[in-house]
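So the structure is just underneath, and the comments pick up after that.
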Amino acid sequence: RKEVEQDPGPFNVPEGATVAFNCTYSNSASQSFFWYRQDCRKEPKLLMSVYSSGNEDGRFTAQLNRASQYISLLIRDSKLSDSATYLCVVNDYKLSFGAGTTVTVRA
Amino acid sequence: EAGVAQSPRYKIIEKRQSVAFWCNPISGHATLYWYQQILGQGPKLLIQFQNNGVVDDSQLPKDRFSAERLKGVDSTLKIQPAKLEDSAVYLCASSLDILLTGLNEKLFFGSGTQLSVL
């Protein structure tokens, strides 16, 4: 089993829609999680950390489910500029990246 | 604040040739990483430095890949000889100091070097 697994998508959604996707991790002891965003042919950039209690940053909501060992990212009121690949990252003092979930927002 | 600098931006070589990539991290960042990202996959860690020491090189193909960070600042990654399967984007990243920030470590990436091996 891979350390970090993501649904590759693509998720094609209209502007204004809500889209959500998960990332599962294999190490039940993992404590630190992040979402990075990667635009086409660009480098990954930190989107947000994921806290145990869940957290929001504007239209983005990240949640952690320790019992089922997954984290989720929800994007509300999608914008064209949200089109990107979203990488899940687990930090066990070694950062492990998922393969990414591609989101395409259409006009 | 200047970001992570990498060069070259693109490189095309033939198999069995050698190639080198350079990275200059954000000033003051103690931890430096080299990642390999193959198309359609997430970044895979090749080597991690803490200042001028190697923290993790368990996934570095040491028969052909080498990396150094002699003065604890900039770093070079070399491939010799290159294989077709080395075609990928090589990303350098830096972070403040994983020994201090630990699980809260946040990475800053350079623009990467896209390598094509023909």
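Quick mapping for you: the protein sequence lines, in order, are chains A and B. The first sequence: position 5 = 1227 (this note's numbering), numbered continuously. The second sequence: position 51 = 64 (this note's numbering), numbered continuously. Ideal placement from N, C-alpha and C gives every residue a C-beta, glycine not left out.
Query, Result
"Kindly indicate which three-state DSSP category G115 (chain B) falls into: helix, strand or coil?", "helix"
"State buried or exposed for L1295 (chain A), treating a residue as buried only when at least 16 other CB atoms are found within 10 Å of its CB.", "buried"
"By DSSP's criteria, L1317 (chain A) is part of a beta bridge. Which residues make up the other side?", "A:N1313"
"Could you tell me whether the segment 39-46 of chain B touches the segment 1262-1278 of chain A, where touching means 3 or more Cβ pairs closer than 8 Å?", "no"
"Could you spell out where the beta strand (DSSP E) holding Q1260 (chain A) opens and where it closes?", "1254-1260"
"Verify whether the separation of the beta carbon atoms of D87 (chain B) and W47 (chain B) is less than 9 Å.", "no"
"Give a yes or no on whether the C-beta atoms belonging to D1304 (chain A) and V1272 (chain A) are separated by under 9 Å.", "no"
"For the candidate residues B:R77, B:N64, B:L58, whose alpha-carbon lies nearest to that of P94 (chain B)?", "B:R77"
"Rounded to whole angstroms, what's the CA-CA distance from L1302 (chain A) to G1238 (chain A)? Just pull it up for me.", "9 Å"
"Out of B:R29, B:S20, B:S71, B:K24, which one is the CA nearest neighbour of K1316 (chain A)?", "B:S71"
"Relative to the C-alpha of F1256 (chain A), which candidate in A:A1329, A:N1234, A:T1283, A:D1299 has its C-alpha closest?", "A:T1283"
"Taking Cβ-Cβ distances below 9 Å as the criterion, which residues of the segment 40-59 of chain B are in contact with chain A?", "Y46, Y48, Q50, G53, Q54, G55, P56, K57, L58"
"When burial is assigned at 16 or more other CB atoms within 10 Å of the CB, is P21 (chain B) buried or exposed?", "exposed"
"Answer with yes or no whether the minimum CB distance from A1321 (chain A) to chain B is below 9 Å.", "yes"
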